[in-house]
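To start, the structure under review is shown below, and the notes come after it.
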Amino acid sequence: MRRRLPVLLVAIALGAVATGSLHAWVAYTAARWPGGATMTLNRSSVANVSASQAAAAIQTAMSAWNNAGAKMALALSGGDTNANQIANDGVSAIFFRPDSNGSAIATTYAWWYNNVIIESDIVFWNGGRVFFAGSSGCSGGYYIEDVAAHELGHVVGLDHSSFVDANGQTATMYPTTGQCDQNFRSLSSDDIGGIRSLYGVGSSGTGGTGASSPPQITSPAPGSTLTGSSQSFTWTAGTGASELWLHLGSTPGGRDLFEKGLTGSSITATGLPTDGRPIYATLWFVQNGAWQYATASYTAAASGSTGTLMLTSPAAGSTLSGSSQTFTWTAGTGATELWLHLGSTPGGRDLFEKGLTGSSITATGLPTDGRTIYATLWFVQNGAWQHANATYTAFR
Ligand SMILES: [Zn+2]
3 MRRRLPVLLV
13 AIALGAVATG
23 SLHAWVAYTA
33 ARWPGGATMT
43 LNRSSVANVS
53 ASQAAAAIQT
63 AMSAWNNAGA
73 KMALALSGGD
83 TNANQIANDG
93 VSAIFFRPDS
103 NGSAIATTYA
113 WWYNNVIIES
123 DIVFWNGGRV
133 FFAGSSGCSG
143 GYYIEDVAAH
153 ELGHVVGLDH
163 SSFVDANGQT
173 ATMYPTTGQC
183 DQNFRSLSSD
193 DIGGIRSLYG
203 VGSSGTGGTG
213 ASSPPQITSP
223 APGSTLTGSS
233 QSFTWTAGTG
243 ASELWLHLGS
253 TPGGRDLFEK
263 GLTGSSITAT
273 GLPTDGRPIY
283 ATLWFVQNGA
293 WQYATASYTA
303 AASGSTGTLM
313 LTSPAAGSTL
323 SGSSQTFTWT
333 AGTGATELWL
343 HLGSTPGGRD
353 LFEKGLTGSS
363 ITATGLPTDG
373 RTIYATLWFV
383 QNGAWQHANA
393 TYTAFR
């Protein structure tokens, strides 16, 4: 039996002129990606900035969606593509075009079949328009990261939203943006609610590839705190994936801590730091003829911690639910003198500081600007002050 061709096409442009009605997030199709989408940048098409600068900006925008706590993930292929047509050609391409499309800054196109999105292309309209990378130096143009964050919201299946928060910040899926604006790169609660509703709540971390299932790290659970300087990692094999490598780094995509080709079903990384820093894992693999990757992040074991006393809720790495947040912890063995510090810097206590009794405490007056919040749980155990760390993202 012959397969019918997918024919549905949607073109959604990010405009420079205000339109739209007052409503929160909506989906433009009932179709969904099966787990995630891997996109490829046409590197030679990139204008105004270097291809690696553009790739980094797009990668960061993908991370914003991947950190939204939904069961889908976006990945940028490590490869290149010469795809420069708006076409269902088997490559979900991102390319710049020295052309204009009305007032549109960029446009996302999507194709789906039954209830499965099978491809999406993003065009940055570069005719008479300047794009910038990073977060400074913009003049009379647009930051790639912010435009990409918006277009990637279309890629996952979201349409425009007219949501504006109490501080006057528009949702990332707001239909228009201003020159040099940087508010799209941080998702609003409306955007997060949208992707979570479309894909369900869960940990992200796999760059899906449509019908094929990608390898992914299964243990330790993404978002968890490592148990010491030595840590065993396991993964799923995926469908037809080969050339698996595990990188562990102190920065997203980094490999300063560990780098090794994978065979078998587990590997033990040794010599890992025990200072509570974030550790970023990247699982590289070849699938469907291209290098792709899945990510997960962890918290390094805390120095001096016995590992028996830990913050248990909210989960390390998660986004807080508002300016008021309840924290719970495990009791530990013979641990006394518990204190919770919350700070804007590692080990800081500028946001909250209180001795703990009972089994939970509610911190109030926390910032709601999306900053990283560092929690330090101090305690006396075995006659010495020790601590356990966790990081969170402030609500916004
Ligand atoms: Zn749009």
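Under the working numbering, think of the first position of the sequence shown as 3, with each following residue one higher.
A virtual CB, placed ideally from N, CA and C, is assigned to each residue, including glycine.
This structure is a prediction, so every number in the text was calculated from the model and none was measured.
State buried or exposed for serine 102, treating a residue as buried only when at least 16 other CB atoms are found within 10 Å of its CB. exposed
Please report the straight-line C-alpha distance between glycine 92 and threonine 42, rounded to a whole angstrom. 11 Å
Between which two residues does the beta strand (DSSP E) harbouring glutamine 233 extend? 233-238
Quick one, which of Thr284, Gly251, Val288 has its alpha-carbon nearest glycine 273's? Gly251
Could you tell me which uninterrupted alpha helix (DSSP H) segments, each at least 4 residues in length, are contained entirely in the segment 148-186, listed from first to last along the chain? none
Contact between the segment 353-365 and the segment 275-295 is defined here as three or more beta-carbon pairs at a separation below 8 Å; is this criterion met? no
Decide if aspartate 123 is buried, meaning its Cβ has at least 16 other Cβ atoms within 10 Å, or exposed. buried
Which whole-angstrom value describes the C-beta separation of leucine 160 and alanine 29, a residue pair presumed to lie in contact below a C-beta threshold of 8 Å? 6 Å
Simplified DSSP state of threonine 378, which is helix, strand or coil: strand
Report the three-state DSSP secondary structure of phenylalanine 397 (helix, strand or coil). coil
Could you tell me whether the segment 41-58 touches the segment 165-185, where touching means 3 or more Cβ pairs closer than 8 Å? no
Would you kindly work out how many angstroms separate the C-alpha atoms of alanine 95 and arginine 351, rounded to a whole number? 45 Å
Glutamate 147, buried or exposed, once every other Cβ within 10 Å from all chains shown has been counted against 16: buried
Let's test the definition: count the other Cβ atoms within 10 Å of the Cβ of glutamate 153 and tell me whether it reaches 16, buried, or not, exposed. buried
Along the chain, where does the alpha helix (DSSP H) that runs through aspartate 192 open and close? 191-201
Under three-state DSSP, which class holds tryptophan 331? strand
One or two residues paired with proline 280 in a DSSP bridge: Thr301
On the three-pair Cβ rule with 8 Å, is the segment 63-78 touching the segment 125-136? no
Quick one: Cα of threonine 276 to Cα of methionine 312, how far? 15 Å
Compare the Cα-Cα distances from alanine 49 to each of Asn116, Tyr145, Asn69 and report the closest residue. Tyr145
Evaluate valine 203 with the Cβ neighbour count: other Cβ atoms within 10 Å of its Cβ, from every protein chain shown; 16 or more gives buried, anything less gives exposed. exposed
Between phenylalanine 329 and threonine 364, what straight-line distance do the alpha-carbon atoms span, to the nearest angstrom? 6 Å
If threonine 301 sits next to leucine 228, beta carbons under 8 Å apart, how far is it from one beta carbon to the other, in whole angstroms? 7 Å
Completely contained beta strand (DSSP E) runs for the segment 120-145, where each covers 3 or more residues: none
Is the beta carbon of alanine 151 closer than 8 Å to that of alanine 58? no
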